[in-house]
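Colleague: First, the structure itself, so that you have it in front of you.
There are 2 protein chains.
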Amino acid sequence: MEALTIHEAAETTGWTPRMLRYIERIGLIEPARTESGYRQYGAGELQRLCTLRELLAEHEIGLGDVAFALRLRRDEALSGAVDSWLEAEPQRPETVSADEWLRWEQEKHARIIAALTTNETMETAA
Amino acid sequence: MEALTIHEAAETTGWTPRMLRYIERIGLIEPARTESGYRQYGAGELQRLCTLRELLAEHEIGLGDVAFALRLRRDEALSGAVDSWLEAEPQRPETVSADEWLRWEQEKHARIIAALTTNETMETAA
DNA sequence: CCAACCTTGACACAGCTTTGATAAGGTTGA
DNA sequence: TCAACCTTATCAAAGCTGTGTCAAGGTTGG
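Laid out in structure tokens, this is it:
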């Protein structure tokens with residue numbers, strides 16, 4: 597089996613031609629082209645278009661989400677940055693003990709100043 | 597240093613209180629609460645709020661994208677499905693050779709029927 | 001007890017995403 | 001040559017995101 601045109605591929609997969617162009621524009625499925633520029637959808641593309649619909653439906657995600665996942669996989673710097681941000685997550689301080697809280701509550705202003713200073717450190721350090 | 601209120605944390609990190617609530621709602625940073633329900637932002641949260649701004653700015657992504665990355669990391673089934681969909685990507689058939697194309701071009705209708713049959717197989721197989 | 005916080009919830013609005021429709025023009029096969 | 005495709009580009013509508021603001025009400029410290 598060989599390549600189908602965009603309308604044939606649309607009928608086959610349940611997308612509209614419009615959406616196939618959109619899916620291409622966001623980088624998810626980029627079919628080959630004939631010399632004159634017509635899109636050619638092969639068996640692989642048809643497969644992926646079908647499973648793409650299932651993926652979106654079954655997990656309640658959008659095309660943009662899949663596009664972002666693709667970007668994550670292609671941009672090593674991005675995925676590293678996101679991962680390391682997510683990594684730091686469980687670092688949550690326990691609920692404050694009552695007296696410790698009181699001690700600090702006494703000078704709210706000093707706390708904010710301290711926080712601001714810490715923040716500058718954070719910004720330059722990061 | 598101990599916990600800050602939402603307004604203090606906002607001033608410290610450059611977000612607005614509104615946005616801190618939004619960031620919490622989409623699951624990115626969920627501060628502890630006092631017994632009466634006030635949010636308490638600790639050093640860890642302040643850090644993460646600052647680096648979150650950098651992350652968004654430096655990589656041109658949105659809060660929703662980070663939220664999706666978090667979802668990917670928490671939902672193993674989801675990340676597996678997305679990954680395996682993306683994995684199949686490079687499978688693109690080469691541009692069709694001229695005579696092979698001609699042979700197929702001769703009965704367009706048969707091609708579509710064949711594709712539809714293949715599609716049914718695909719759907720049940722996936 | 002009051003000012004100054006905090007909470008949730010709702011309305012609103014600009015801007016982006018997703019999708020359709022339509023126009024102007026090129027390709028192709030009978 | 002002509003019908004039936006294809007292409008890109010544009011306008012448009014519906015919905016979601018990110019953000020502000022306001023209201024009604026609880027908490028807290030002086």
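Chains as they are written, first to last, in the numbering used here: chain A, 597 to 722; chain B, 597 to 722. Every residue gets a Cβ at the ideal spot worked out from N, C-alpha and C, and that includes glycine.
#1: If you draw a straight line from the alpha carbon of glutamate 672 of chain A to that of leucine 624 of chain B, how long is it in whole angstroms?
#2: Just to confirm my understanding: we take leucine 600 of chain A, look at its own chain, exclude 5 residues before and 5 after, and list those with CB closer than 6 Å. What are they?
#3: Mind checking if arginine 669 of chain A is an interface residue toward chain B, Cβ cutoff 8 Å exclusive?
#4: Out of B/Gly633, B/Cys646, B/Ala639, B/His655, which one is the CA nearest neighbour of isoleucine 619 of chain B?
#5: Tell me whether arginine 614 of chain B is buried or exposed, calling it buried when 16 or more other Cβ atoms sit within 10 Å of its Cβ.
#6: Can you list the residues of chain A that alanine 665 of chain B reaches, using a CB-CB cut of under 9 Å?
#7: In three-state DSSP terms, what is alanine 684 of chain B?
#8: Suppose the cutoff is 8 Å on Cβ atoms and the five residues either side in sequence are ignored; what does the same chain contact list for histidine 603 of chain B look like?
#9: With a Cβ-Cβ cutoff of 8 Å, do alanine 628 of chain A and arginine 644 of chain B count as a contact?
#10: Are the Cβ atoms of glycine 660 of chain A and leucine 652 of chain A separated by less than 8 Å?
#11: DSSP state of tyrosine 634 of chain A, grouped into three classes?
#12: Which residues does DSSP list as the beta-bridge partners of alanine 628 of chain A?
#13: Determine the contact status of tyrosine 675 of chain B and leucine 668 of chain B, defining contact as a CB-CB distance below 8 Å.
#14: Distance check for arginine 649 of chain B and tyrosine 634 of chain B, CA to CA, integer angstroms please.
#15: Measure how close the beta-carbons of valine 678 of chain A and valine 678 of chain B come, nearest whole angstrom, since I'm counting them as under 8 Å.
#16: If you draw a straight line from the alpha carbon of serine 632 of chain A to that of threonine 608 of chain A, how long is it in whole angstroms?
#17: Would you decide whether glutamate 654 of chain B is buried or exposed? Buried here means 16 or more other CB atoms lie within 10 Å of its CB.
#18: In the DSSP output, what is leucine 642 of chain B paired with across the bridge?
#19: Judging by CA-CA distance, which residue of B/Ile622, B/Gly640, B/Gly610, B/Arg621 is the nearest neighbour of glutamate 598 of chain B?
#20: Looking at leucine 642 of chain B: is its Cβ nearer than 8 Å to the Cβ of alanine 606 of chain B?
#21: Would you mind reading off the limits of the alpha helix (DSSP H) that contains glutamate 598 of chain B?
#22: Any idea what DSSP makes of threonine 612 of chain A, helix, strand or coil?
#23: Please report how far the alpha carbon of leucine 616 of chain A lies from the alpha carbon of glutamate 656 of chain A, in whole angstroms.
#24: By the criterion of Cβ-Cβ separation under 8 Å, what are the contact partners of leucine 651 of chain B in chain A?
#25: I want to see whether chain A comes within less than 8 Å of arginine 644 of chain B, judged by CB atoms only; does it?
Modeller: On the basis of the coordinates in this document:
#1: 21 Å
#2: Tyr637
#3: yes
#4: B/Cys646
#5: Classification for arginine 614 of chain B: exposed.
#6: Phe664, Ala665, Leu668, Ser675, Val678, Asp679, Trp681, Leu682
#7: coil
#8: Pro613
#9: no
#10: no
#11: Taken through DSSP and simplified to helix, strand or coil, tyrosine 634 of chain A comes out as coil.
#12: A/Gln636
#13: Contrary to the premise, residue 675 of chain B reads as serine rather than tyrosine in this sequence. Yes, Cβ-Cβ distance for serine 675 of chain B and leucine 668 of chain B is below 8 Å.
#14: Here the alpha carbon of tyrosine 634 of chain B sits roughly 23 Å from the alpha carbon of arginine 649 of chain B.
#15: That pair is no contact at about 14 Å.
#16: 23 Å
#17: exposed
#18: Answer by DSSP bridge pairing: none, since leucine 642 of chain B is not bridged.
#19: B/Gly640
#20: no
#21: Premise fails: glutamate 598 of chain B is in no alpha helix (DSSP H) and is neither H nor E.
#22: The answer is coil: DSSP assigns threonine 612 of chain A none of H, G, I, E or B.
#23: 20 Å
#24: Ala677, Val678, Trp681
#25: yes
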